[in-house]
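*Asks:* Numbering (the working numbering), first residue to last: 3 to 297. From the three backbone atoms N, C-alpha and C, an ideal C-beta is built for every residue, glycine too.
This is the structure we're talking about:
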């Protein structure tokens with residue numbers, strides 16, 4: 003197994019409060035590697051260090067065996083690291099093509115004027131990498147659904163750059179706003195990336211998704227790297243136990259709810275009995291806010 007990027011003994015504290023405590027992460031060339039852990043385990047801080055946004059207190063970082071210092075997002079980009087963050091950092095008033103090119107130089111004619119035809123052609127090519135043909139690159143981002151906006155941002159990471167070819171794609175909850183069909187399109191591309199010899203660091207709370215897609219996993223808990231191993235040798239319950247520090251069955255105490263047959267509220271397709279706690283869940287834009295406003 004040839005190492006693409008390794009991080010050793012990574013520490014980081016904020017105002018004396020440790021966020022990372024000696025974390026190790028090793029990503030091999032040509033693999034999809036899962037980074038897992040509960041909220042607050044240190045995943046976001048580790049990703050920010052990889053992206054050059056946050057400086058570690060201590061760390062040894064190597065890319066293909068060569069010691070490096072990732073001191074800025076520009077350095078991370080030149081090293082071939084590409085990031086798809088969970089937050090949608092978009093400019094709604096700009097077109098799809100312009101959002102795909104955010105942070106990159108526009109193609110130009112005669113070295114002066116923006117070559118809009120080339121800009122849109124390149125943006126379409128990036129979208130087609132994910133098999134996306136239904137999004138018009140001239141549309142404003144504000145006109146797209148949440149899922150399509152996420153697809154556009156993911157596509158931007160696949161924009162080719164001969165000067166700094168991508169080697170590692172870091173994806174933070176990329177399927178959170180995607181449909182099953184859109185997620186499958188993304189997984190197909192990630193497997194192609196693996197086949198090409200490049201790698202993916204995949205952050206997700208969806209265990210079934212991770213187990214089906216990833217080759218290896220590293221689990222963080224309370225700012226420490228708890229374990230790392232091949233996915234084929236790890237069970238669903240093993241992952242849960244590593245993430246929370248106890249067996250899955252011990253994570254949920256017996257319910258103390260004592261609902262009664264008496265209906266306390268019934269409207270908008272929702273029935274709530276007295277003594278009952280009802281949870282409402284769904285993707286962004288699925289209607290939770292409208293339901294509460296209606297109630």
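Alpha helix (DSSP H) containing residue 10: first to last residue?
*Replies:* In the chain shown, the residue the question calls residue 10 occupies position 8. Here residue 10 belongs to no alpha helix (DSSP H); instead the beta strand (DSSP E) covers 5 to 16.
*Asks:* Taking the alpha helix (DSSP H) that residue 50 belongs to, which residues open and close that run?
*Replies:* One-based indexing of the chain shown puts residue 50 at position 48. Taken as a continuous stretch (DSSP letters only), the alpha helix (DSSP H) holding residue 50 covers 45 to 52.
*Asks:* Any chance you could list the alpha helix (DSSP H) runs of at least 4 consecutive residues sitting entirely within the segment 86 to 157, in chain order?
*Replies:* List check, alpha helix (DSSP H) in window: 98 to 102 and 118 to 131.
*Asks:* Starting from the N-terminal side, write out each stretch of the beta strand (DSSP E) that is 3 residues or longer and does not extend beyond the segment 210 to 271.
*Replies:* With a minimum length of 3 residues, the continuous beta strand (DSSP E) runs that stay inside the segment 210 to 271 are 218 to 223, 226 to 232 and 265 to 269.
*Asks:* Going by DSSP in three states, residue 37 sits in which element: helix, strand or coil?
*Replies:* Mapped onto the chain shown, residue 37 falls at position 35. DSSP places residue 37 in strand when its eight states are reduced to three.
*Asks:* Got a sec, what are the start and stop residues for the alpha helix (DSSP H) residue 179 sits in?
*Replies:* Numbered from 1 along the chain shown, position 177 holds the residue referred to as residue 179. No alpha helix (DSSP H) contains residue 179, which DSSP labels as neither H nor E.
*Asks:* Output yes if chain C places a C-beta closer than 8 Å to the C-beta of residue 32; else output no.
*Replies:* Of the chains in the structure shown, none is chain C; there is only one protein chain.
*Asks:* Which residue from 197, 194, 198 and 217 puts its Cα closest to that of residue 204?
*Replies:* By one-based count along the chain shown, residue 204 stands at place 202. Closest option to residue 204, Cα to Cα, is 217.
*Asks:* What is the C-beta distance between residue 371 and residue 97, in whole angstroms, given that I count them as a contact (C-beta under 8 Å)?
*Replies:* The structure shown does not extend to residue 371, since the chain is modelled only from 3 through 297, so no value can be given for it.
*Asks:* Could you spell out the range, first to last residue, of the beta strand (DSSP E) harbouring residue 75?
*Replies:* Walking along the chain shown from the start, residue 75 turns up at place 73. Not the beta strand (DSSP E): residue 75 falls in the alpha helix (DSSP H), residues 75 to 80.
*Asks:* Is DSSP giving residue 193 helix, strand or coil here?
*Replies:* Within the chain shown, numbered from 1, the residue matching residue 193 stands at position 191. Looking at residue 193 - three-state DSSP - the assignment turns out to be helix.
*Asks:* From residue 31 to residue 187, what does the alpha carbon distance come to, in whole angstroms?
*Replies:* Taking the first residue of the chain shown as 1, we reach residue 31 at position 29. Taking the first residue of the chain shown as 1, we reach residue 187 at position 185. So the two alpha carbons sit approximately 22 Å from each other.
*Asks:* Exposed or buried, what is residue 150 when buried is set at 16 or more other beta-carbons lying within 10 Å of its beta-carbon?
*Replies:* Here residue 150 is taken as the residue at index 148 of the chain shown, counted from 1. With 16 or more Cβ atoms within 10 Å of its Cβ, residue 150 is classed as buried.
*Asks:* With contact counted as at least three CB pairs below 8 Å, one residue from each stretch, are the segment 40 to 55 and the segment 219 to 226 in contact?
*Replies:* With a cut-off of 8 Å, the segment 219 to 226 and the segment 40 to 55 count as touching, because enough Cβ pairs lie within range.
*Asks:* Is the segment 55 to 62 touching the segment 33 to 40, taking contact as three or more C-beta pairs under 8 Å?
*Replies:* Touching, no.
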